[in-house]
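These notes concern the structure reproduced below.
Number of protein chains: 4
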Amino acid sequence: MPSSFHPRIPELMMASGPCSIYPRVLEAMGWQMVHHRTDEFVELMLSVSDDLSKLFKTANRVLPVEGESILGLEMAAANLVEPGDVCINLASGYYGAGYAKVLRGYGGDVVDVTVPYDTSVSISSVRQALDRHPEAKVLAFVHSETPSASENPMEEICRECRRRGVLTIVDSVSGVGGSTVRFDDWGCDVVVTGTQKCLGSTPGMSLVAVSDRAWERAERVTHDTGRYERSYLSFLPWRQWVDHDYVPYTPPISAIYGLKAALDIIDDEGGVDETVRRHERAARAMRAGVRAMGLDLWVDADEHMANSVTAIRLPDDVEDGRLRGLMDERYGLHVSGGLGEEAGRLIRIGHMGYTASAQKVVAALGVLGSAMIDLGHPVDVTEGLAAANAVFA
Amino acid sequence: MPSSFHPRIPELMMASGPCSIYPRVLEAMGWQMVHHRTDEFVELMLSVSDDLSKLFKTANRVLPVEGESILGLEMAAANLVEPGDVCINLASGYYGAGYAKVLRGYGGDVVDVTVPYDTSVSISSVRQALDRHPEAKVLAFVHSETPSASENPMEEICRECRRRGVLTIVDSVSGVGGSTVRFDDWGCDVVVTGTQKCLGSTPGMSLVAVSDRAWERAERVTHDTGRYERSYLSFLPWRQWVDHDYVPYTPPISAIYGLKAALDIIDDEGGVDETVRRHERAARAMRAGVRAMGLDLWVDADEHMANSVTAIRLPDDVEDGRLRGLMDERYGLHVSGGLGEEAGRLIRIGHMGYTASAQKVVAALGVLGSAMIDLGHPVDVTEGLAAANAVFA
Amino acid sequence: MPSSFHPRIPELMMASGPCSIYPRVLEAMGWQMVHHRTDEFVELMLSVSDDLSKLFKTANRVLPVEGESILGLEMAAANLVEPGDVCINLASGYYGAGYAKVLRGYGGDVVDVTVPYDTSVSISSVRQALDRHPEAKVLAFVHSETPSASENPMEEICRECRRRGVLTIVDSVSGVGGSTVRFDDWGCDVVVTGTQKCLGSTPGMSLVAVSDRAWERAERVTHDTGRYERSYLSFLPWRQWVDHDYVPYTPPISAIYGLKAALDIIDDEGGVDETVRRHERAARAMRAGVRAMGLDLWVDADEHMANSVTAIRLPDDVEDGRLRGLMDERYGLHVSGGLGEEAGRLIRIGHMGYTASAQKVVAALGVLGSAMIDLGHPVDVTEGLAAANAVFA
Amino acid sequence: MPSSFHPRIPELMMASGPCSIYPRVLEAMGWQMVHHRTDEFVELMLSVSDDLSKLFKTANRVLPVEGESILGLEMAAANLVEPGDVCINLASGYYGAGYAKVLRGYGGDVVDVTVPYDTSVSISSVRQALDRHPEAKVLAFVHSETPSASENPMEEICRECRRRGVLTIVDSVSGVGGSTVRFDDWGCDVVVTGTQKCLGSTPGMSLVAVSDRAWERAERVTHDTGRYERSYLSFLPWRQWVDHDYVPYTPPISAIYGLKAALDIIDDEGGVDETVRRHERAARAMRAGVRAMGLDLWVDADEHMANSVTAIRLPDDVEDGRLRGLMDERYGLHVSGGLGEEAGRLIRIGHMGYTASAQKVVAALGVLGSAMIDLGHPVDVTEGLAAANAVFA
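Residue numbers (full-length UniProt numbering), protein chains in the order written: chain A, 1 to 393; chain B, 1 to 393; chain C, 1 to 393; chain D, 1 to 393.
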């Protein structure tokens, strides 16, 4: 009898992203093709566009770019940075630190502001850096650092930079939809998010919000540097989209369907502010639960913690591989470990998009507690759940 | 823009059945039609048939009847019972008690053996009834009583009846796939199950295993009573299926797809014995967890409890509607209450098919514990999970 | 690597039913379970119910019965016929002729009105039969005879019977949704349809419209005959649904989802009258195309032909198996042959639900013409399409 | 009642790409997430990788890049071209001509070899260009030019270039899977295809085969030009994939599922040679049918025509918009018009992936003929189908 490949799919995935995604998104991914040069599809794209502007809270049109989030982030550097430009880079985690290479890749003269990876950058250290480098053209940072589950004060940083005329590049891949972002109000310049984190859709797209200042700069930088203006990395081909509703490439039709379903879910929920509140609640509940259970969080203070993922310090007597293996194989819950130096020192549980729910938090706390108990490390799940519950009540 | 109806679907359903079902089954439900009079479809039906024979452990072909499980159960009475036949009916719960009406509907002279609905029928009381009614033609009982989460000793009852030449009608709607059934070895006569319980598919089919003795009796009864032999309720049209691979009606093609996927999952798991073991573990863990948490089970003894569902006695200070409402609305877990006199006195959590997993049990215990704590009823979730864990270790 | 069973699915199926069904219905079939005793599901059922009443044009609630269409038809006999009742049965095809057995199965004293299977029953012959049998209680007929692709004059027959107080049982399995049905206006008593024909959903349900007179008779017959009133075949348990919105059995949740999607498609199209017009156009185009191609239709006159399926007389030089085999294997189009004596004498092409479209008709004519040419039988496809086109223009 | 956005989807799409895609691919697109850093996913990627190597007939690992096909093509230029490099660009259509800008964007000194857009480049003109430019480093061309439905002699061009040490960049976006490609045998250097054409999956990925020579050159060019070596446009990050099975970015998980299903379909068919044969047959049949119907093909000679799409010259009395509008609205078939100067002069019908079937060709010929007749332009569909049939016989 005929058969076909089918992957083994985990019962529940609460990793650092992607996590298990919304069933309605999966359903939309299965719709048959409509042609991208038809009125139907243009209508769909315009509707997605309106939804995205609401998501980022911007009057500008957001670019729905086909490719991994790092593509959108590289686009930001490729369009805003000229060789020799001083770029301040806030290195508060692996992703932030890594972005220095991207900036340098485009000739940026990078000044790193580094903090330990278990905290976030203070606005005062940002001001100091800006004071010391008044010539800086660009400041880049990560809003929500998934590798360490920390979050930087996006509003303060963006407002400060705008005040000083410094352009901001914000990696909000795991931020938008889970933490508040007010693109226009805060004077952001380029903010990039992905579809696979707080939006709860599938990985494959980079959503890029661009301010008028950033557009102007992109045109100037492209001209001055002679960069290839029709490049896939250039903002410029997207003017056709912004000005004439014409998507410059064959769009990833299924991914657009999935994105639309994800944006509909936000709309059904009452808008992005409600979705953010749900993520906040899930995050607060997870943290309260973990602590009350008797475990330690990785990040040094609540106000530095991300809404989309929680990092838990591994107790000395618990080995990372055994813990996560047990959670996965015995309890069907896939979570993430640490990256780089943090490997083996923490585990990370994602509560983003579909998994930012009371039930998933309770399930994750239950599984985490169960596996800890299995491994002989005593935790108090009762206290954990009681503390988490208090958030949802 | 166009839109279409879409139901609000609970995050997780662990009711008395149906529960949330396997994603692979849902996928199969979405396959386009093949015609039922093609070689492809006949090949599919024969494969389903082989799988079903393995499921019931019978050499006979099982009837894949289109309609709710009660249809299969009524067929049993319609084919085996003649007016005036003495039928012993074991009333150990709502479903068992209710079956007396079906038997009487076909003229059966019913002798009820009743036990309280929080226990199961003992083999000795079955023997007594059989001793007292040596003229009995049929004995009917429910294998797994979902309304009260109890289970009757199917093997002993069927063996005893076979020894005495009494035909057995077994409602194993929530038994097959979750508890051991050996149709041929135990000498069962008619065993009915559904697709929506331990098989983890969608409701809509009645699967009916029929012994040679039952076939003979069906032919005789149909002849003697003049019952309509082409009736949808008659076994006789299914001889075409048994003897000539010809399904007598247009089959429910999508439901057959879903059933095949569900049977494939059992096969992937290593066969039905493994699937039963998974259900047993889930049930033992749930019971251990509930008790260790400080709550009481409804059924009087472990050996009387079902593998597919657990009934928990509501503490006096916890109101049914508030508890289940909270579990549902706050924690996205839908469970069932009690039926009839048990309404308000217990809740029932289904662990069947897709939900018979360690993760779902941990999630359910976590949600139950959370909601209890929310309602001010103290429970010890830590102990609950530790006890449940011990089963999965 | 893991794999799973997957059926070989024909590219296009235009059989006598089921045919290829609407993608939106398939999508709905894949939705996860909601529990049938929740407000959400009741709301869904009530919405389905409203849609069904519009479909049949009746103020009464239609019964959404779980099981093949023959179940609904048998229910009609079981509820309306008492032993000895004179039942006039119009035998204008295999299904009509076969229903005599069902009526007799419930004690009916059947008077057959037989016509050749390539025409339909005239209202005058119906009147004659009614004149000759003024004692008749019931008259049964098939609205749309899929085996021979003929259609009986339902309106006239039902009106005549109502005038004379004779109850009508109408098999409109392949009629409702494709041909006009006005249940209340025409004074019908029991009309049965299926989900797998003109509704374009999956097989598995019987939709049964019941008049007040039929309800009354059902209650009387059940009482007088002592038939089992809780039987799956009885209308009576459905009073809970009609009176109290309570579905008496666990409903086939996925099939209800599919049915709702199918009903939504009708609604999107502008209501059932538009859907019927689409079926009429497809039927007229198919017939015009077949004739203009140089082939003969089976049924003797246009006004006797069905809207949902067309029967084409096989030319002497074309062998049925070779033709349909070629259409299927070479051109990916599955159609049906004849039944019984008509086997080998005709082929039948279904244009129902999803396949009642101009494109599918053109594709079918193209494939039919192609295969005829391949087999050396000359046809004029150009004329065929031109004639079909004229209908769609 | 709740509802959700749903696009209006055409019954059948046979455009220049994407076309309607395989149902099995759509199904795979709906699978829930597995994490990309798990053994399961790596196993899946390795299997996709093996399949892709078979598809391109190369021993090297093909790069599964996330983004539109133009991304893969730009990567080729970005990795192989240094400023001042002489690049011969074969401009045999809109896509070929357009690629000159990409080469120039990376500093290429482009020599265009232009031919009218209704024919293909001859190997002799390629040899002449190579003779005239012995310093050429790179030769770029389009294998299958979808805008004009022409095909260049890939084997001869690649063999000639390899003989002379010139690197080839081949846009085979609508070629691979539909026309023969033997990457290693023919000595190709970079060949790019997409998932949305002959593979019959959804748009969104660029599949890039890279020879050892191209890898070497990429490393040298990156080093010499100082291009950003971690760029999304660079081949270099993909060494981790080639050497260590490590995908350098979060992969587009759903698109990988869809791709795997598409590759499974090729495997089920007996391998890519069989799939190519199916495309060839569909193309030959379409062309034979169009001509025999009395219409003209756009491309000047059969040996210059593509396997994946057919361009049909519009007769003077038929207006493009009315024809395609009619085909779409009346007959539910979406096809493409011409681009640029060819707009209004031709229509293009795609027979690629799912639509490269006898049935779809017959349906398209039927619809095309029908619409022509509707518009008063006489065509002979009978002859058309007879001629097409002869190919499938």
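We treat Cβ as the ideally placed atom computed from N, Cα and C, and that holds for glycine.
All values derive from a computational prediction rather than experimental measurement.
Contact set for residue i: own chain, Cβ-Cβ below 7 Å, skip 5 residues either direction
| i | result |
| --- | --- |
| M33/C | I253 |
| G67/A | S206 |
| R281/C | V391, F392 |
| Q196/D | G17, P18, T202, P203 |
| Y246/C | Q240 |
| L71/A | V65, S206 |
Spatial neighbours of residue i in its chain, beta-carbon cut-off 6 Å, leaving aside the 5 residues before and after
| i | result |
| --- | --- |
| L73/D | D171, V192 |
| W31/D | Y257 |
| I266/B | V272, T275 |
Counterpart residues of residue i in DSSP-defined beta bridges
| i | result |
| --- | --- |
| G177/B | Partner(s): none; G177/B has no beta bridge. |
| N89/A | D112/A, A140/A |
| P64/A | L207/A |
| G310/A | The amino acid occupying residue 310/A in the given sequence is Thr; Gly does not appear at that position. Answer by DSSP bridge pairing, in chain order: I349/A. |
| M305/B | S150/B |
| T58/A | According to DSSP, T58/A bridges with nothing at all. |
| L199/A | Paired residue(s): none; L199/A is not in a bridge. |
| L333/A | L12/A |
| T193/A | L207/A |
| S357/D | Note: S357/D sits in no beta bridge, so no partner. |
| S370/B | Paired residue(s): none; S370/B is not in a bridge. |
Nonlocal neighbours in the same chain, by C-beta distance under 8 Å from residue i, ignoring five residues either side
| i | result |
| --- | --- |
| V81/C | C87, L103, Y106, G107, G108, K137, V138, V221 |
| M286/D | T310, I349, H351, V361, A364, L365, A388 |
| A59/C | S53, D184 |
| A218/A | N79, L80, V210, S234, F235, L236 |
| V48/A | P64, I256, L259, K260, L263 |
| E269/C | T275, R278 |
Residue i in three-state terms, based on DSSP
| i | result |
| --- | --- |
| G17/D | coil |
| R348/B | strand |
| L233/B | coil |
| A288/A | helix |
| V247/A | coil |
| D316/D | coil |
| residue 407/B | Missing from the structure shown is residue 407/B; chain B here goes from 1 to 393 and no further. |
| D296/B | strand |
| S172/C | coil |
For this session: Scan the region 112-157 of chain C and note each continuous beta strand (DSSP E) run of 3 residues or more that stays entirely inside, going in chain order.
Result: 138-142
For this session: Report yes or no: do three or more beta-carbon pairs, one from the region 346-356 of chain C and one from the region 1-21 of chain C, lie closer than 8 Å?
Result: yes
For this session: Give a yes or no on contact between the region 383-390 of chain B and the region 331-345 of chain B, applying the rule of three or more CB pairs nearer than 8 Å.
Result: no
Problem set entry | Sufficient close CB pairs (3 or more, under 8 Å) joining the region 138-149 of chain D to the region 20-29 of chain D | no
Exercise. Do the region 33-48 of chain D and the region 219-236 of chain D make contact, defined as three or more Cβ pairs closer than 8 Å?
Worked result: no
For this session: Say whether the region 330-337 of chain A touches the region 171-182 of chain A, bearing in mind that this needs 3 or more beta-carbon pairs closer than 8 Å, one atom from each stretch.
Result: no
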